[in-house]
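Mind the numbering: the sequence shown is residues 1 to 1024 in full-length UniProt numbering, read in order.
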Amino acid sequence: MTEKPYSYRQGMGLSENESDRRDVPPPVPEKAHVANDRKQYYNMRSYRYSYREHYPLERKESTDTVLTYVDDLSRGYNANISTTYDPSVDGFENINPYLRQYLYLHEKTNSSIKTQPYSSVSSLESQPEIHNEHRLFSWLFSKEVPKVPSEEERVEYPWYKTNLFMRMGLWWLWPVLKKGYKRTLVPDDLFKLTPELKVEYMYGKWERHLKVIIEKHKRKHPESDKWPPYAIPYALFLTFKWQYLFSCLCLALAFVCTSCSPLLARQLIDFVQYRYFRIYTTYNRGIGFTIGSVILLYINGLLLNHFFHNAMICGAKSKAILTKALLMKSLKLNAKSKHLYSVGKITSLMSTDLSRIDLAIGFQPLILCFPIPIVISVTILLLSIGLSSLAGIGLFILSLIVCALLTRKLFTTRGKVVQFTDERVSLMREILNNFKIIKFYAWEMAYKASITKVRNKEMKHLFTIKVLRNFITAYALTLPVLTSMVSFITMWATDSMKSPGEVFSSLSLYAILAQAIMLLPIALATGADALIGFRRCSDYFSAEEYSEDLNQRLLNCEEEFYTGDTSGDYRKAIIVSHADFNWEKYYDDKLDSELWDSSLTEKQQRGSSQNSVSKYIIESDDDDGSIATFTDSASNHFNGLTDVNLTINAKEFVIVVGGIGSGKTSLLYALAGHMKLSNPSRGSITRYKEILLCSSPWIQNATVRENILFGKPFDIEKYRKVLFACALEDDIAMLPAGDRTEVGESGITLSGGQKARINLARACYSDAEVLLLDDVISAVDSKVARHIVIHLFKGLLKDKTIVLATHQLGILEFADRVVLIDNGTVKVCNSTRSIEEDLHFQKLIEQTKAAQDSANSDYRVTIDDDDKSGRFSGDNEIDFTGRTTTEEERATNSISRDIYKKYIALGSGVFGKFAVPIFLLLVSIATFFQVFTNTWLSFWVEKKFKERGDHFYIVFYVSFAFLTVIFTGIEFSMLAYMQDCSSNLLNLKAMGRILHVPTSYMDITPLGRILNRFTKDTDSLDNE
1 MTEKPYSYRQ
11 GMGLSENESD
21 RRDVPPPVPE
31 KAHVANDRKQ
41 YYNMRSYRYS
51 YREHYPLERK
61 ESTDTVLTYV
71 DDLSRGYNAN
81 ISTTYDPSVD
91 GFENINPYLR
101 QYLYLHEKTN
111 SSIKTQPYSS
121 VSSLESQPEI
131 HNEHRLFSWL
141 FSKEVPKVPS
151 EEERVEYPWY
161 KTNLFMRMGL
171 WWLWPVLKKG
181 YKRTLVPDDL
191 FKLTPELKVE
201 YMYGKWERHL
211 KVIIEKHKRK
221 HPESDKWPPY
231 AIPYALFLTF
241 KWQYLFSCLC
251 LALAFVCTSC
261 SPLLARQLID
271 FVQYRYFRIY
281 TTYNRGIGFT
291 IGSVILLYIN
301 GLLLNHFFHN
311 AMICGAKSKA
321 ILTKALLMKS
331 LKLNAKSKHL
341 YSVGKITSLM
351 STDLSRIDLA
361 IGFQPLILCF
371 PIPIVISVTI
381 LLLSIGLSSL
391 AGIGLFILSL
401 IVCALLTRKL
411 FTTRGKVVQF
421 TDERVSLMRE
431 ILNNFKIIKF
441 YAWEMAYKAS
451 ITKVRNKEMK
461 HLFTIKVLRN
471 FITAYALTLP
481 VLTSMVSFIT
491 MWATDSMKSP
501 GEVFSSLSLY
511 AILAQAIMLL
521 PIALATGADA
531 LIGFRRCSDY
541 FSAEEYSEDL
551 NQRLLNCEEE
561 FYTGDTSGDY
571 RKAIIVSHAD
581 FNWEKYYDDK
591 LDSELWDSSL
601 TEKQQRGSSQ
611 NSVSKYIIES
621 DDDDGSIATF
631 TDSASNHFNG
641 LTDVNLTINA
651 KEFVIVVGGI
661 GSGKTSLLYA
671 LAGHMKLSNP
681 SRGSITRYKE
691 ILLCSSPWIQ
701 NATVRENILF
711 GKPFDIEKYR
721 KVLFACALED
731 DIAMLPAGDR
741 TEVGESGITL
751 SGGQKARINL
761 ARACYSDAEV
771 LLLDDVISAV
781 DSKVARHIVI
791 HLFKGLLKDK
801 TIVLATHQLG
811 ILEFADRVVL
821 IDNGTVKVCN
831 STRSIEEDLH
841 FQKLIEQTKA
851 AQDSANSDYR
861 VTIDDDDKSG
871 RFSGDNEIDF
881 TGRTTTEEER
891 ATNSISRDIY
901 KKYIALGSGV
911 FGKFAVPIFL
921 LLVSIATFFQ
931 VFTNTWLSFW
941 VEKKFKERGD
951 HFYIVFYVSF
961 AFLTVIFTGI
971 EFSMLAYMQD
981 CSSNLLNLKA
991 MGRILHVPTS
1001 YMDITPLGRI
1011 LNRFTKDTDS
1021 LDNE
């Protein structure tokens, strides 16, 4: 046999002088790119058996362990399951190097079985096609397309590791900028987050600061349950104070450079004037002032970049922290708070309010630093043109007062807008969550009318905000003209005209003052929006949580409940003593009586007429919060769990049985801490470590693997065991792309049984100590249920504590103990004989048999059809890669002209096709008057028309100045009108399209993507 090169042998783990090798079977084909290739599949299967014949190993278990990977690889080609091998598996080092070559080869040649750690980036986020872009300076770069780095090749955020020179010049950004210029950037091109930038670390710091602030406030105001309005922003400032203060310092120094640049400009103008009048002066003086101006501008640019970089990053970090805080709070709300804060309102907080807070944090240093250019500019003006500048400065101060009043108006108007925004988002979420019902009853036009009514109210106040903002912007742009006009007329009236250098440098100083005026309203407006956002977030964080009586006895203990056995086999997992549990309900007496009457059926109305007292409650246990649930408390037969005494030991398998509505689910929720302990003075509940409640199947719009891992690291051995124990292997083999198949919105492509088992697999993979399972095997047949009990509950999870509520009485033989529930009363049976002798249990058996006999045939047909539809109905909609969702269209490099045309057409309004010409004409006229005002000032200074007196120059100068103000105001007013029309019509047209799309569109489009169009994107159209 031909000896292989050393490099090849070394790569495969072969020694250089290895002579004891036997004849090897024919090599496996090196190219194996196509999944579902039958020929390659059978080649691999035959190789498995030929390997057994050629290489018998001393350890059979090692042989089976390693050949399992060959089976996985062959199954991967047959069903395109993404599998891999793990060199650390027992026996891998003992196998023949040729098999190691085989596994290594297929890892290199087939991307579908490549070893990859679990990625937090969803497969739904597809990457665009990679190719070089044609740009202006593309000829300066090589034609090679930069590759997308792998996870191992990605570089961490280098700010904290680069040297001072790289930081000052921001040169560490050059590789990303260069790559982004050559081709479109993808997420993997960006830097990886360092531990300091991850939300877990930042959230911990923020939470510690927040607790100190809240505790200090409660000591001063013990009667107040509300958070102080400054708590959240102050805690954020303490979390990022050094970075934020550094950004403020950079901005302050940048303002100093900006304010001092007119001094150099004045010297340059004087130098040119001296040379013009042939007054002796050296060129070195002019060159020095020119170089100084360039250096000052360069330093100013660097400082501004550092300001924006640090301030914007602080804003992004704050948004990440508050997003997690809002999510954590939503898991703790009680019934009243869930009623007050619907999911639509929480969505509005997370999208709209947090985006405004993010933007505002980046602009707030402008408020802190704007006095710096004002003080410097006013001082230089007083020194340059004397007391005449006080007239312009007085107008400037008056402008500040006007801006403050307008900002106050903006603040109050924004408070009105957010109410209608919340209502609109809630209605839109209700449409998306109940889309099939709306289509079934043809309620599209009714919902469209409701949203249009709310949208019109919202746009009415938004138009006021736009007019005020544009007025402030237009006024700030024309303020240099007005202030300089007032000052120069005052100079002429007092006979104190100055040199051209002093006059035109003063124009620059007035422009700096106007820039401060223009930036200040932006900072104040964003600050007002952020203040409203902080206030709304504070109110939400102050909302009532589960009562203290519920949580005060839910202790996470580890050492206190041993019974003396140091092995821990008899350790207690859950102890419940004399506890009464009730569902927490919120009584809302403020709702309109007509709403109550319209929500009742005729039967309920007749029943309410027979009862003298009838209370109606709102139960907040719905997940989406889109539609309120009204319940007649008189007709509610389940009154809660009473006098529960239950001790569950560690590593115990407990089954909970009972009739429909007896309280099985309520018991699991009570053990998990989601029911109110109504007698805390007498009853108690104590938990050991962490508890995971697995109830209704919740499926993400992601792949099967991502649904099971749920962010956990990918462990191939553990993953395979979980799939087998949950009886998912055959189901995954039938999917188009195996466990890489996307399951669609809410698992639309899966059957009920598949959803339940994926949900169960996720709980199993999580490694929780105690699992509370609510009827997770109800959607599977008896054979699969028995497989799950034997291989999962009594196999893979034998060292876990399991409490299973079920209707399947055939698996009671596997239980360590059985808990029987009848109308809220809990009875524990420690033996099979005691269960069979129980009268309630006998009654339950009779009810179960009767139900099975009456629906036996229907049950079989339903399950079979559902299972088939879950496996095969998506074949026409899912491509071979396993994608169910459509790829989101994204604009790269530039926005097409058609988008601009459509936006302008929607914003034309009453002007029609003349809107753009009129707007361009207004822009041209306003720009002409603004430029010619300064030109006319130069005519006045040099007396261009010598036969004319000063009155001639003053009349035209004042006229041009006022015409600049008028046409600039008209220009921005028309801009506000066009923007208002465009945003309103775009939102209404998008809403109309959504209401009339076929239901298949909703099945393949993530709801989050649609909802984002009506929250963040709509807010951008309305306000940016």
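Here a beta-carbon is modelled for each residue, glycine too, at the ideal position from N, C-alpha and C.
A residue is called buried when at least 16 other Cβ atoms come within 10 angstroms of its Cβ; Leu693 meets this threshold and is buried.
Nearest to Gly711 by C-alpha distance, out of Val743, Asp767, Gly683 and Tyr669, is Asp767. Boundaries of the alpha helix (DSSP H) around Gly301: Tyr283 to Ser330. Under the DSSP definition of a beta bridge, Gly658 partners with Ile821.
The alpha-carbon separation between Gly344 and Glu423 amounts to approximately 8 Å.
Contact between the region 767-776 and the region 661-671 is present: three or more C-beta pairs spanning the two stretches fall below 8 Å. In this chain, the beta strand (DSSP E) harbouring Tyr688 covers Ser684 to Tyr688.
When C-beta atoms of the region 280-292 are compared with those of the region 191-199, fewer than three pairs fall below 8 Å, so the two segments do not count as touching.
By the neighbour-count definition (other C-beta atoms within 10 Å, threshold 16), Phe463 is a buried residue. The region 788-797 and the region 812-822 touch, with no fewer than 3 CB-CB distances between them shorter than 8 Å.
Shown here, Lys943 sits in coil according to DSSP, grouped into three states, outside any helix or strand. The beta carbon of His578 is closer than 8 Å to those of Asp643, Val644, Asn645, Asn679, Arg682, Gly683 and Ser684 in its chain, skipping five residues each way along the sequence.
Beta-bridge analysis with DSSP links Cys694 to Leu773. In this structure, the CA atom of Glu156 is about 33 Å from the CA atom of Ala761.
Per DSSP, Ile575 is not a residue of any alpha helix (DSSP H); the beta strand (DSSP E) it occupies stretches across Lys572 to Asn582. According to the DSSP assignment, Asp422 belongs to the alpha helix (DSSP H) that extends over Ser389 to Asn433.
Boundaries for Asn987: no beta strand (DSSP E) harbours it, while the alpha helix (DSSP H) harbouring it runs Asp950 to Leu995, taken from the DSSP string. Only exposed fits Met734, as fewer than 16 other CB atoms lie within 10 angstroms of its CB.
In the displayed model, Cys829 falls within a strand according to three-state DSSP. Around Phe191, the same chain offers Arg154, Val155, Glu156, Tyr157, Pro158 and Val176 as residues with beta carbons nearer than 8 Å, after the five sequence neighbours per side are excluded. Between Trp171 and Ser542, the C-beta gap is not smaller than 8 Å, which leaves the two residues out of contact. Close CB contacts of Ser746 within its chain, under the 7 Å cut and outside five residues either way in sequence, are with Ile699 (chain order).
Looking at the backbone, the Cα of Val923 and that of Pro713 are separated by about 58 Å. A straight-line Cα-Cα distance of about 14 Å links Ile213 and Asp225. In the DSSP assignment, Thr483 falls within the unbroken alpha helix (DSSP H) covering Glu444 to Ala493.
Between Ile532 and Gly415, the C-beta spacing is below 8 Å. Straight-line measurement puts the Cα of Arg536 at about 34 Å from the Cα of Glu706. For Glu1024, the secondary structure class from DSSP, reduced to helix, strand or coil, is coil. Taking 8 Å as the upper bound for CB-CB distance, Tyr447 and Ile321 are not in contact here, some 36 Å apart. Cβ-Cβ distances below 7 Å link Asp529 to Arg356, Ala360 and Arg414 in the same chain, with the five nearest sequence neighbours on each side left out; the list follows chain order. Within the DSSP bridge table, the entry for Glu742 names Thr703 as partners. Rounded to the nearest angstrom, the Cβ distance from Leu1011 to Leu302 is 40 Å, too far for a contact under 8 Å. Here Phe929 is buried, its C-beta having at least 16 other C-beta atoms within 10 Å. For Phe653, DSSP records a beta bridge to Ile802. By the C-beta criterion, the region 259-271 is judged to be in contact with the region 369-389, since at least 3 inter-stretch pairs fall below 8 Å. Under the three-state reduction of DSSP output, Thr642 falls in the strand class.
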